[in-house]
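Everything below concerns the one structure shown next.
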Amino acid sequence: MIRTTHFPILLAGVVAGLVTAPAAVTPALAVQGVETQKLDIEEWTVPWDATRPRDPFVDASGTVWFVGQVGDYVAALDPDDGTFRRYDLAPGTGPHNLIVDPAGTVWYAGNRAAHIGELDPGSGDIVRHEMPVPAARDPHTLVFDGAGHIWFTVQHGNFVGRLVQATGEVSLVEVPTANSRPYGIVVAPDGVPWFVEFASFKLGRIDPLTLELTEIELPRQVARPRRLAATADGKIWYVDYAGGFLGSVEPPTNTVREWTIPGGVGGRPYAMAADDRGRLWFVETGPAVNRLVGFDPVTESFFSNTPIPSGGRSVRHMVFDPVRRALWFGTDANTVGRAVVPD
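Letter by letter, the sequence shown follows residues 116 to 458 in my numbering.
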């Protein structure tokens, strides 16, 4: 059963884009570190071939949910017994990402069908929250803010959006930089959403109350930030997919620091996450066998580098489960993977 919600929508146009250059920049550093630690990585082959399983999310029970971007489904993996459950979506949905709220409701981005879906796993019912304008055609990545909202990027539509979970009401903010391709998004510990502009050299943040959008320029105009992570100290971390850097932005001065990743410019860093110790993890997708790399901000060193057993082909998104102290990711090799991180 599929229902669709329609609401009168506040469309926040381009907010007089306060463009903020970093107050200070530390030059890029080439810190290779010792890279002595290898992680225990386990992968489960998804039973539906060539469906691009991606963007896993761990619910309160430990079930791992993910989408089949090419297969038009939402699925769940029980890592204890290796069984899968599948929920079919309408053909052409192109689900890109999902998140699961504490009540167990699954929210997914209908990337090819201009909606955010709300799936009840118990009944299989889906409520479709349509995008309010045709230009917002491709909801991309979703994140909770803990205050009853879902924030999301709209890559080719060039928006960042907010969905009120209780009502389904959607508000959109147009990004001032044209064709900037808003991509990865996180909510910082202070509740402020941050996102990257993948086709530009900028990060952005949105005031969660006023919806005012601020862009922050990175020091290198050739940078192409793709994914983000936030740490408890308030820093925002990003990977530069094009240049092969790991970087941090420290509010409120927006001081930027960068480190050359082990794979350098050919590393193509993509999926990333922060663990409960404030360490950063990302996947180098440039090598034929993708590599999961760990970085310790305290020692400023890359201390771990582990090949993905399946090769990965491309690992696009990753989450950290603090209860079980594990990173979860999907691969274009048609697997869902888990990497247990060290204490």
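No residue lacks a Cβ here, since even glycine has one placed at the ideal position from N, Cα and C.
Computed from a predicted model, the values in this text were never measured in an experiment.
In terms of Cβ geometry, leucine 213 and isoleucine 241 do not form a close pair [threshold 9 Å]. Straight-line spacing of the CA atoms in threonine 325 and aspartate 391 works out to 30 Å. If you draw a 10 Å sphere on the C-beta of valine 404, you find fewer than 16 other C-beta atoms in it, and that means exposed. Annotation: the continuous beta strand (DSSP E) that includes aspartate 193 extends over 188 to 193. Cβ-Cβ separation between phenylalanine 316 and valine 288: approximately 20 Å, too far for a contact (criterion under 8 Å). Between threonine 268 and proline 297, the C-beta gap is smaller than 9 Å, which places the two residues in contact. If you look at tyrosine 223, you'll find it in the beta strand (DSSP E) that goes 221 to 225. With a beta-carbon spacing of about 5 Å, alanine 386 and valine 398 fall inside the 8 Å limit used to define contacts. Take the alpha-carbon of arginine 341 and the one of threonine 198: they are about 32 Å apart. Each residue's CA atom was taken as its position, placing glutamate 233 and valine 215 some 10 Å apart. Listed in chain order, the non-local C-beta contacts of alanine 303 below 7 Å within the same chain comprise Trp309, Ala345, Gly349, Ile351, local neighbours out to five positions each way being set aside. Judged by beta-carbon spacing, valine 182 lies beyond the 9 Å limit of valine 173, meaning their Cβ atoms are not closer than that value.
Taking every protein chain shown into account, the CB of glutamine 270 has 16 or more other CB atoms within 10 angstroms, so this residue is buried. In the DSSP annotation of this structure, the continuous segment of the beta strand (DSSP E) that includes tyrosine 298 starts and ends at 297 to 302. C-alpha of asparagine 294 to C-alpha of phenylalanine 274: approximately 10 Å in a straight line. Secondary structure within the stretch 310 to 396: the beta strand (DSSP E) runs of 3 or more consecutive residues, fully enclosed, are 317 to 321, 328 to 332, 340 to 345, 351 to 355, 360 to 365, 370 to 375, 384 to 389 (chain order). Between proline 171 and tyrosine 202, the C-beta spacing is not below 9 Å. Looking at the DSSP output, leucine 154 sits in no beta bridge, so it has no partner there. When DSSP reads this structure, alanine 441 sits in a beta bridge with Asp436, Val455. Judged by DSSP in its simplified three-state form, tryptophan 163 adopts coil rather than helix or strand.
Here glutamate 157 is exposed, its C-beta having fewer than 16 other C-beta atoms within 10 Å.
By the CB criterion at 9 Å, glutamate 245 and alanine 229 fall inside the cutoff. Distance from alanine 454 to aspartate 155 at the Cβ level is roughly 7 Å; contact confirmed, criterion being Cβ atoms closer than 8 Å.
Assignment of glycine 276 by DSSP, reduced to helix, strand and coil, places it in the strand class.
Each residue's CA atom was taken as its position, placing isoleucine 423 and alanine 165 some 18 Å apart.
Annotation for arginine 320: Val307, Trp309, Thr329 place their beta carbon closer than 6 Å to its own, counting only its chain and skipping 5 residues before and after. The alpha-carbon of tyrosine 353 is positioned some 9 Å away from that of glycine 299.
Taking C-alpha positions only, aspartate 411 is separated from alanine 389 by approximately 10 Å. For asparagine 449, the closest of Thr160, Thr151, Glu415, Lys153 by C-alpha to C-alpha distance is Thr160. As a beta-bridge residue in DSSP terms, isoleucine 231 pairs with Ala224, His244. Comparing alpha-carbon positions, the option among Gly409, Gly445, Trp163, Val311 lying closest to glycine 378 turns out to be Gly409. For histidine 264, same chain residues with a beta-carbon under 8 Å away, outside a window of 5 residues either side, are Arg277, Leu278, Val279, Gln280, Pro323 in chain order.
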